[in-house]
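>
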Amino acid sequence: MKVKQQIINFYQILKELPDNEEYNVEGIRNRVSMKADNLLFTLDNKGNQGIDIDAKIFSFLSFVKGYDMPRFEDNYYLFTKEDLDREYKALGDIESLNGNEIDC
Numbered sequence: 001m002k003v004k005q006q007i008i009n010f011y012q013i014l015k016e017l018p019d020n021e022e023y024n025v026e027g028i029r030n031r032v033s034m035k036a037d038n039l040l041f042t043l044d045n046k047g048n049q050g051i052d053i054d055a056k057i058f059s060f061l062s063f064v065k066g067y068d069m070p071r072f073e074d075n076y077y078l079f080t081k082e083d084l085d086r087e088y089k090a091l092g093d094i095e096s097l098n099g100n101e102i103d104c
């Protein structure tokens, strides 16, 4: 699967989840977060091999990686769909980003 498709999949999955879901280490948010972390690791290695990858891709994946973090005071999630939308829109045109066609 290409990086751009992974990004779109992460966005769509997280967008469908409720904002007030309680923290659950076995939950979907946690699984998406771990997948984003693995993809960041893979892309970082490719970047070290001289492959050009747009910083916006790293930024969005880093956000998704941290999207699973709960608030300490109430055990609800810190990030909302508005935050997710903002970060996704910051990507701009995914097709134009360097590294969007990398297989992962």
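Numbering follows UniProt numbering, in which position 80 of the sequence shown is assigned residue number 80; successive positions increment by one, without gaps. Heads up, the beta-carbon is just placed ideally off N, CA and C, and yes, glycines get one too.
Is the Cβ-Cβ distance between residue 109 and lysine 2 less than 7 Å?
The shown model of the chain, from 1 to 104, leaves out residue 109, and the question about it has no answer.
> Taking the Cβ atom as the reference point for each residue, do methionine 69 and leucine 61 lie within a distance shorter than 7 Å?
Position 69 of the sequence shown, counted from the start, is the residue given in the question as residue 69. Position 61 of the sequence shown, counted from the start, is the residue given in the question as residue 61. Their beta carbons are not under 7 Å apart, which means methionine 69 does not touch leucine 61 by this criterion.
> Could you check which residue in Glu22, Gln6, Ile7, Ile8 has the C-alpha nearest to that of threonine 80?
Here the question's residue 80 lines up with position 80 in the sequence shown. Ranking Glu22, Gln6, Ile7, Ile8 by Cα distance to threonine 80 puts Glu22 first.
> Identify the continuous alpha helix (DSSP H) that holds tyrosine 11 and give its terminal residues.
On the sequence shown, residue 11 is found 11 positions in, with the first residue counted as 1. Element bounds for tyrosine 11: 3 to 16.
> Alpha carbon to alpha carbon, what distance is there between leucine 39 and residue 108?
It is not possible to answer for residue 108, since the shown part of the chain is limited to 1 through 104.
> In the structure shown, what three-state DSSP assignment does aspartate 103 receive?
To locate residue 103, count along the sequence shown from 1; it is residue 103. Residue state, collapsed to three classes: strand.
> Taking C-beta to C-beta, are alanine 36 and lysine 65 nearer than 7 Å?
Translated into positions along the sequence shown, residue 36 becomes position 36. Translated into positions along the sequence shown, residue 65 becomes position 65. In this structure, lysine 65 lies closer than 7 Å to alanine 36 by Cβ.
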